[in-house]
Structure formats: structure tokens, C-alpha cells
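When you read off a place in the sequence shown, starting at 1, and then add 37, the result is the number in the numbering used here.
All residues carry an ideal CB built from backbone N, CA and C; glycine is no exception.
Here the structure is laid out as C-alpha cells; the discussion comes afterwards.
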Amino acid sequence: MGNSKKKKENIILHIDMDYFFAQIEERENPQFKGKPVVVGADPKEGKGRGVVSTCNYEARKFGIKSGMPISRAYKLCPQAIFLPVNMQLYKRVSRAVFQIAQKFSSKMERVSLDEAYIDLTGRVGSYKEARREGEDLRKIVFEKERLTCSIGVSKNKMMAKIACELAKPDGIRIITPVQAAKTIASMKVETIPGIGPKTRQFIEKKLKKKDPQIRDALVFSKSELADFFGKRGEEFYYKLRGIDKSPVEEKKEAKSVGKEHTFQKDTRDAKMIIKVFKRLVGDVHSQVKDKKINGLTVVCRYEDFETHTKQISFDAGKYTEEFLYKKSISLLLKFLTQSNKKIRLIGFRVKIA
Ligand code: TTP
Ligand code: MG
Ligand code: MG
38 MGNSKKKKEN IILHIDMDYF FAQIEERENP QFKGKPVVVG ADPKEGKGRG
88 VVSTCNYEAR KFGIKSGMPI SRAYKLCPQA IFLPVNMQLY KRVSRAVFQI
138 AQKFSSKMER VSLDEAYIDL TGRVGSYKEA RREGEDLRKI VFEKERLTCS
188 IGVSKNKMMA KIACELAKPD GIRIITPVQA AKTIASMKVE TIPGIGPKTR
238 QFIEKKLKKK DPQIRDALVF SKSELADFFG KRGEEFYYKL RGIDKSPVEE
288 KKEAKSVGKE HTFQKDTRDA KMIIKVFKRL VGDVHSQVKD KKINGLTVVC
338 RYEDFETHTK QISFDAGKYT EEFLYKKSIS LLLKFLTQSN KKIRLIGFRV
388 KIA
């Protein structure tokens, strides 16, 4: 507009691998292609106790999903190919994929093994160009790694991720800035990061409407939302309008090392729980004893699948197994005392500094 210093348009790309662990297994075992594949705990003919990590789209047709008890998955599709989690392999593939992605912009934020945001702002001049970049990235990942992914491009991280979800599987979706608010208007409020079932129920009550869409929640003013939800509420105000100001942060790989154990039977046998926990701490410690760590987390899943974590931070340093155990055992005991539910799973992990 007569302004020679044209303001740079924000352009963010989100990449997420399709059915990641299961797709890698298909690549390694071409004979699995076209059949339902489930990666996760051993189903032990329906008696297995862990959960599904992920599954391919054939298995999803039977209703199988990430996080579901493996016994349930077995019931839904006993003929599926059930495979254990080969994390070493998936990490290797993840590194290879993001080495490719990194070439598209040095400003990249990895958010999980199969997901990253890439800031294209300033690197590409338009959404048309951004689409070409995204298409190239998908092509190169497929040529080099024989894996499909999906890509979303939009004006911020939240919208790029939503675009990616719309692109899934094996696709690309661009949401230009002018399309952003309109594109999400008919989606359910839970599409907004931070709005979960509890917040949704609250909104339902206020609106006297079930399963509200984002457009329904636009009636709330910023101060109303702040009254309801505090600081988060103000963020919701913007997010409901497709606005998200969080920057793409090139974090060092947030590394943690941990281990979990699912009990054969849900239990409140403190002696046994502590024995298993001690072993977990020992196993984790032996993996990190030469590394500096600065925090630990204890995980507890109750019989009803409610999962809680408790964590503490400390100065970065090398610590003994005894230190880690002393620090963490009290957290574990709190899980036993704060509820009288039986425990299904416990876990322990440390944060690498
Ligand atoms: P996602 O990207 O959530 O799922 P996905 O890649 O399997 O499938 P989609 O095509 O829908 O993206 O997770 C990436 C990987 O993380 C997934 O392959 C396995 C692992 N994972 C778990 O181990 N447990 C979980 O509960 C979830 C959600 C994922
Ligand atoms: Mg994925
Ligand atoms: Mg993902």
C-alpha cells in the first residue's frame, strides 16, 4: 500500500508422518502392505496388558486407535499383524526425515518423533511458493525414505497443524490467512489446543448447546473468557479466531529417557509396586549415568486408565541411582495414597540437560 517496506507474511509449515511406526514396519516388511498392522504391546491372544502405539489405516477401519488397550484391539481385529515397538529404528528414521526437513528452513521446531513446524517466513514470498516447497518436501521424503507424510501450511502454528490434519493421509493443505477463521468456524471447539472435554462441557453449559462449533464460541468477549478460564481464556479468544502468536522455537531435542511397566494385574500391592519401580529407576539410571540430567518424572496409570505424572527439577548434574530413587519414591507413594484405585502402570523418566 505505497509502503516500500512490505511486511513479511508469516508462513508456517507443519509436517506429520502418516501412521508413523506402522508405516515404517510396512516399509521394512513389504508383505504386510494392505493388511491391518498394529504396533504396540504383545496382545497375548487377548490377554495382553499394554496399549496400542499406533496402527495403519487398514487397522483403523476396525476401530483400532493409538492408546487403546491392546486386548481391545485384539478383540476388534484378531487377524491383524501385531508388532512390538522398535523404538531404535523409529528414532533413526525420524532423524533422517528431519535432516531432510531442516534443509527447507533452519528454523525448525520438532514437537515429536514424527512432527515438526518449519518457519518459511521470509524464505518464501507467497503461499503459492509455500505450496511448492511443501510438495517438494513430501516428494523428497518419499524418494529418500519411502514414507508418506502430510503437510499443512498456514499463517501460524495452530492453523498449520489444523491444515495438516485436514491433509491427512498423504496430502498437503494450504490455508491462506484470509481463509483461516472461516475454515475453522464449523469445527468443534475441541479443535483448539487447550480446549479439552472439561472446557468444552463448560462452554456447552454457557451456550446451552451440545457439541458447540468454534463459530458458536465467538459470542464470548475476551473479558468473559478471561473470567471463565483466566489467562488461558484470553488465548482462547484469539485461537477461536485463528490467531496464534506462539513462535517456532528451535529447541534442542528435548531429550528424556524413561521406562514403563504394565502390571500383569491391576494392583495396590505396595511392596511389589516399589520393587518394580526400583528396577525401573535402576534401568533408566544405567542408560544415563554418564549424562547430565536436570529433572525426573514419575508416571502412574490407574485401573480406569486415568494417567497422572508428577515431576521435580533439580540442578543439572550426574546423579547416582540412590539419589534418583530417593527423589522419586515419594512421588510414587503419593500416587498410592492420593487415590484408592488400583494401579495399572508405573513409569519413570529423567530429563537430559
Ligand atoms: P501420531 O502422529 O499422533 O500418529 P501416527 O503418525 O501414527 O498417525 P497419523 O497418520 O494420524 O499421524 O503419532 C506419531 C507416532 O507416535 C505414532 O506412529 C506412534 C507414537 N504414538 C504412541 O506411541 N502413542 C500414542 O498414543 C500416540 C498418539 C502416538
Ligand atoms: Mg503422524
Ligand atoms: Mg504426530
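Chain-order list of residues whose beta-carbon lies under 7 Å from that of residue i (same chain, five-residue window excluded)
i    : result
C186 : I52, D53, M54, D55, R175 and V178
S376 : Y339
K198 : H51 and G189
S204 : This sequence places Ala at residue 204; Ser is not what is there. Around A204: S187, I188, G189 and R210.
V321 : V294, G295, K296, F385, R386 and V387
A254 : V226, I240 and L277
C114 : P73, A96, F99 and I101
V318 : E358, L361, Y362, S365 and F385
A217 : S191, K192, M196 and G279
Proximal residues to residue i (C-beta, below 6 Å), its chain only, five neighbours per side dropped
i    : result
Y274 : K259 and L262
K194 : I49, Y154, D281 and S283
T344 : R338
F300 : none
G159 : K45
Y164 : I211 and T213
V336 : T346 and G384
DSSP three-state assignment for residue i, whether helix, strand or coil
i    : result
E287 : coil
F98  : Rather than Phe, the amino acid found at residue 98 in this sequence is Lys. K98: coil per DSSP, three-state reduction.
Q250 : strand
E297 : strand
C201 : helix
L277 : coil
A353 : strand
V215 : helix
A263 : helix
A78  : coil
A153 : strand
E180 : helix
Candidates the options: closest to residue i by CA position
i    : options                   : result
D352 : G162, L333, R316 and K128 : L333
K388 : G295, V130, V161 and I229 : G295
R183 : G162, N66, E287 and K315  : N66
F385 : K371, K379, I366 and A222 : I366
V89  : P80, N47, G104 and F99    : G104
K312 : D327, L369, K144 and R278 : L369
K112 : F99, N123 and V122        : F99
K371 : I310, C92 and F58         : I310
D79  : I118, R316 and D327       : I118
G162 : N47, S350, N331 and K292  : N47
A110 : L244, D327, C92 and T374  : C92
K292 : N331, G71 and V215        : N331
Buried or exposed (CB count within 10 angstroms, at least 16 for buried), residue i
i    : result
L120 : buried
D264 : exposed
R305 : exposed
E82  : exposed
I211 : buried
Q60  : buried
D156 : buried
A307 : exposed
K140 : exposed
S142 : buried
G279 : buried
R147 : buried
S41  : Model confidence at S41 stands at a pLDDT of 45, short of 50, so the residue's coordinates are unreliable; what they give is reported in the following sentence. By the 10 Å Cβ count, S41 comes out exposed.
M124 : exposed
K192 : buried
Test: residue i CB closer than 8 Å to a CB of chain D
i    : result
R252 : Looking for chain D here will not work: only one protein chain is present.
Through-space distance from residue j to residue i, alpha-carbon basis
i    : j    : result
I49  : S149 : 17 Å
G87  : D341 : 13 Å
I101 : D303 : 23 Å
K246 : E297 : 41 Å
P106 : E166 : 43 Å
F360 : V75  : 38 Å
F69  : E63  : 6 Å
K219 : D151 : 28 Å
F314 : V325 : 17 Å
V130 : G77  : 18 Å
L244 : Q116 : 45 Å
Cutoff 8 Å; reference residue i; Cβ partners in own chain excluding five residues on either side
i    : result
P206 : D55, Y56, Y94, T185 and S187
P234 : E227
K329 : A353, G354, K355, I389 and A390
G231 : R269, E272, F273 and K276
I209 : R168, G171, E172, R175, S187, I188, G189 and V190
P249 : K225, V226, R237, I240 and E241
K379 : D303, T304, R305, Y339 and E340
M145 : F135, A138, Q139, A153, Y154, I155, D156, V285 and E287
G39  : Unreliable placement is indicated for G39, whose pLDDT of 45 sits below 50; the coordinate value is still reported in the next sentence. Here the set comprises nothing.
R381 : R86, T299, F300, D303, R338, Y339, E340 and F342
I251 : I221, A222, S223, M224, K225, V226, T228, I229 and L277
C201 : H51, I52, D53, S187, I188, G189 and R210
K181 : A133 and I137
L126 : I61 and E65
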